[in-house]
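Numbering (mature numbering (1 follows the signal peptide of the UniProt record, and there is no 0)), first residue to last: -26 to -1, 1 to 733.
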C-alpha cells in the first residue's frame, strides 16, 4: 500500500512538474510596444505593466513579476516579458497596445579616413570658417558592444567638467566600476536580460558589464569621437596618428550586443535610457537582416522614432549584404549610411615564376622568404572531397601530402559568409606555405591571414590559374602586407555595402549617404587579440564617420533639429571621386547611382554651411505613417495624443526629405518640398536639373528669393514620363547661389507601359 501511495504521489509530482516545464518551454520573450511616453510616474508605469501581465497569468502578480524583463518608461511606453504565443495574442488585443513582437536578434554591421575627407587638426577637427569648440558639450550615445575605457582614445586629459545636462550613470559590473568612467566616457550601462532569456548565459565570452570584450564598440566610439593618439598602427601597418571626427565630444556607452548578437528587448531598453540620460546623438552600427520588417515591429525603428521625437539624431549602418534592395534601417527619421573606400589599401605582392607581379588585399604580416610551387587547391583534394569542393579549401578537404610546402589557389563562393581567415588556417594545417584567394565580391576587404596570403578578383585569379595550367613547374612568392597610399579611384562604393531601393517604403531613398567603411583603423579591446588598435571593414565603420560629422554640425548649430543636421550632410555630399570623376562601385567598376550612395559621399568641409535645409518634425513623421497605411487609431496609440491623419500626404514621396523618390509614375507626378534658409539672409537660389533618363523634370518656381535667415519657401517638382523605360532612372536637382550648392537626388520609377502601346 505504502509503495502504491508513494508511486501515486511521485506520478502526481511528475505531472505537475511536467506541466510547469511545458509552460516554461512554450514561452518566449516578446516586446509589448505601447507608443509614446505618458505623463505617468515611472513607478506607476511598472505597476500598470505588472497588472497587464497578471491578467494573462490568471491574476497572479507573482507570475507577472517573474515573467517581466524590462519596462520602457522614459522615452516611450512598453515592456518586455516571457509569454506564450496565446498570452502574447491576448496582450496584443488590449487597449493601448501598438504592437507585440518576438525578441529578434540583430547583427553588428561589422585615422587616415579623416585626412582623406578633408578634416584637419589633431583635437579640434576645425573646418575653415567655423569653430567646433562646442563639441565638448555634445554627448554621443553608442549602442554597441561596450567600451575599453583605458584606451588612449578615451583619455579625458584637458577636458572640462561633464555637461550639466547629463543625467546618466556609470553602471558597475565585472571588471568595471564607477571610476572606469571619466570626463570623456561620461556614462556606461549594459543590458543582457534579452540575451540571457534566449541563450545559454553560461556560454558568455564577454564581461557582464559595459566593458568591451569584442572590440567592435571601442572601434566605433573611437572612430566617431576618439582623442588624438600618436604613433598608432596595426602591427606596423597604417602607421600614423589616429583620431575621431569629434575628438572632444563626450561618449556614453550602452552595451546591448554580446557574443552572438543584439536582442530587441535590450536595444529598446538602451534607447529608453539614452533618451532620458540626455544624449544628443545615437550611433547604431547594427541592424536586422534584409528584408526589414514593419517599422512598428522593429526595435531600431521604434527606438529611433522616439529618439527623433525627443530631438536626438540616430545614425545607423545600412548593412553589409551588398546586393540590390538589401539596405536596412530604412526609417526616414534616422540617417542610414553606406560604406566606401578611401585612398589607402593594404596589399601583398604575388610574384609568379615568369616574373609577372600581381597585387592582392591582405593584412598578413607573414611573407615568403623564397618562391614555392603554386597549385590550384583542386589538385590537392582529400578523401571523399571532389576537386571542385577542395578548390574552396573547406575544412579537411586538402591532402597534406600534396599541399605541403606549396602555395594554394583557393576560391570563396560569391555571397558566401565563409571565413576567409579560416581558409588560410585550413591551408596552413595541410602544410601549405601560402594562399591566393579568389574572391570577386569582397576582394577589397583586407584580412589578417595566418600565412602569406592575398585576395584577388576573378580576372587576376583566371590569369594565375592559366599560368599554373600552362607551366611545367609553376612557382610563386607572396610578400608580407604593406600600406599603399594614394590608391585610385577613391572613394569607391564597397562591394559589401547594402544597396537600395528601400524594400519597405520605396519612396524613401536608402542609404542616405556614404562614408569610409573599408579597412578602418581604430581603438580595440586587448582581450580580442592583444592589441590596442585594429583594422575592420563594414557599414559599422562608416556609420560612426557620419556620427562624428553630425556631432560637429550639432556643436556649431546646437538648435538644429535631427532632420536639419541630416539634410546638411545629405545635400552637401558629392558624387565625384578625388579625381573629379563619377564615383564607381567595387568590384565591377560600374558607375554608382543613388541606390549605392544615397545623396553621395559625405563632404565634411561643406556640412556646416549648407545654405538651405529640408527640415522635418514629429508631425511630419506622423503624416508619413498615415501615408503608408496607419489609421488614426494606430497613430494615436503610437503618439498618445490627439493626432489625426487629416494632414496626411498623398504618398510617402511627399515627406519633406532631402532626396526625392517617386515610384510607379504613369504619366506625370508632382511633389512639393520646403526649404529653410540657413545661409546668407538675402540670397537668390536658382534651380538646375539633371533629368533622369526618359523623364522630363520641371521646377516651379525656378528661382527662390530669400530676405531673411530662417525663411521658408515651398517649391514643386513636376515629373513627366517622356519615353518608356525599365526600372529606375536617376537624376539631380541642385539649387545654386554663388558658391552654395544644395543637391537632392531624383529617383524615378516609371510605370510600365501596356504591351504594344508606344509613345
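Note that the Cβ used here is the ideal one computed from N, Cα and C, for glycine as well. Quantities reported herein were computed from a predicted structural model and do not represent experimental measurements.
**Per-residue burial, residue 386 [other beta carbons within 10 Å of its own, 16 or more giving buried]** = Counting Cβ neighbours within 10 Å, residue 386 comes out buried, since at least 16 surround it.
**Item:** Helix, strand or coil at residue 223 according to DSSP, with G and I counted as helix
**Value:** coil
**Item:** residue 348 in three-state terms, based on DSSP
**Value:** strand
**Item:** For residue 653 and residue 583, believed in contact at Cβ under 8 Å, the rounded distance
**Value:** Yes, they are in contact, since the Cβ atoms of residue 583 and residue 653 sit about 7 Å apart, within 8 Å.
**Asked** Does DSSP classify residue 165 as helix, strand or coil?
**Response** Taken through DSSP and simplified to helix, strand or coil, residue 165 comes out as coil.
**Start and end residues, alpha helix (DSSP H) containing residue 611** = 606 to 613
**Request:** Put residue 337 into one of helix, strand or coil per three-state DSSP.
**Result:** coil
**Prompt:** Exposed or buried, which one is residue 202 when buried takes at least 16 other CB atoms within 10 Å?
**Reply:** buried
**Asked** Under the three-state reduction of DSSP, which class applies to residue 86: helix, strand or coil?
**Response** Here the model assigns residue 86 a pLDDT of 43, short of 50, so the residue's position is not dependable, and the following value carries that caveat. It is helical.
**Request:** Could you check the C-alpha separation between residue 41 and residue 279 for me, to the nearest Å?
**Result:** Separation of residue 41 and residue 279 (C-alpha to C-alpha, rounded to the nearest whole angstrom) is 27 Å.
**Request:** Can you say whether residue 563 is buried or exposed, counting buried as having 16 or more other CB atoms within 10 angstroms of its CB?
**Result:** exposed
**residue 691 and residue 645 closer than 8 Å at C-beta** = yes
**Item:** Cβ-based neighbour list, residue 48, same chain, cut-off 8 Å, excluding 5 preceding and 5 following
**Value:** Here the set comprises 11, 16, 246, 247, 249 and 250.
**CA-to-CA distance, residue 365 to residue 557, given in whole angstroms** = 34 Å
**Asked** residue 239 and residue 168 look like a contact to me (Cβ under 8 Å); what is the Cβ gap, rounded to whole Å?
**Response** Right, the Cβ-Cβ distance comes to about 4 Å (below 8 Å), so this counts as a contact.
**Request:** Measure the beta-carbon distance from residue 4 to residue 71 and round it to whole angstroms, keeping in mind my assumption that it falls under 8 Å.
**Result:** With 8 Å as the limit, residue 4 and residue 71 do not qualify as a contact, their Cβ atoms being about 11 Å apart.
**Prompt:** For residue 200 versus residue 184, is the C-beta spacing smaller than 8 Å?
**Reply:** No. Outside cutoff.
**Request:** For residue 527, collect the residues of the same chain with a Cβ closer than 8 Å to its Cβ; drop the 5 residues on either side in sequence, then sort them by chain order.
**Result:** Closer than 8 Å at the Cβ level, and outside the excluded window around residue 527, lie 534, 539, 542, 543, 581 and 582.
**Prompt:** What do you get for residue 86, buried or exposed, if any count of 16 or more other CB atoms within 10 angstroms of its CB means buried?
**Reply:** Note that residue 86 scores 43 on pLDDT, short of 50, meaning its location in the model is unreliable; the coordinates nonetheless yield the value given after this. Classification for residue 86: buried.
**Item:** Where residue 439 sits in the DSSP three-state scheme
**Value:** DSSP places residue 439 in helix when its eight states are reduced to three.
**Asked** Roughly how many whole angstroms lie between the Cα atoms of residue 324 and residue 330?
**Response** 8 Å
**Asked** Terminal residues of the continuous alpha helix (DSSP H) containing residue 121?
**Response** Run containing residue 121: none; DSSP gives neither H nor E here.
**Prompt:** What residue ranges within the stretch 345 to 424 form continuous beta strand (DSSP E) runs of no fewer than 3 residues, ordered along the chain?
**Reply:** 346 to 350, 381 to 385 and 408 to 412
**Request:** Examine the Cβ distances between the stretch 605 to 615 and the stretch 450 to 463 and report whether three or more of them are shorter than 8 Å.
**Result:** no
**Prompt:** Where do the N-terminal and C-terminal ends of the alpha helix (DSSP H) with residue 150 fall, by residue?
**Reply:** That residue, residue 150, is in no alpha helix (DSSP H); it is neither H nor E in DSSP.
**Prompt:** Going by DSSP, which residues form a beta bridge with residue 42?
**Reply:** 55
**Prompt:** Distance, Cα to Cα, residue 33 vs residue 276?
**Reply:** 30 Å
**Request:** Would you tell me roughly how many angstroms separate the C-alpha atoms of residue 712 and residue 133, rounded to the nearest one?
**Result:** 39 Å
**Message:** Rounded to the nearest angstrom, what separates residue 507 and residue 356 at their Cα positions?
**Reply:** 39 Å
**Request:** Give the DSSP bridge partners of residue 723, in chain order.
**Result:** 702
**Request:** Verify whether the separation of the beta carbon atoms of residue 269 and residue 77 is less than 8 Å.
**Result:** For the 8 Å CB-CB criterion, residue 269 and residue 77 do not form a contact.
**Those runs of the alpha helix (DSSP H) which lie wholly inside the stretch 448 to 531 and span at least 4 residues** = 513 to 530, all fully within the stretch 448 to 531.
**Item:** Close Cβ partners of residue 680 (< 6 Å) along its chain, the five nearest in sequence each way excluded
**Value:** 651 and 657
**Request:** Quick one: residues in its chain with C-beta nearer than 7 Å to the C-beta of residue 362, no 5 flanking neighbours on either side, listed in chain order?
**Result:** 352.
**Prompt:** Are the beta-carbon atoms of residue 532 and residue 283 separated by less than 8 Å?
**Reply:** no
**Prompt:** Going straight from the alpha carbon of residue 505 to that of residue 499, what length do you get?
**Reply:** Going by the C-alpha atoms only, they are around 7 Å apart.
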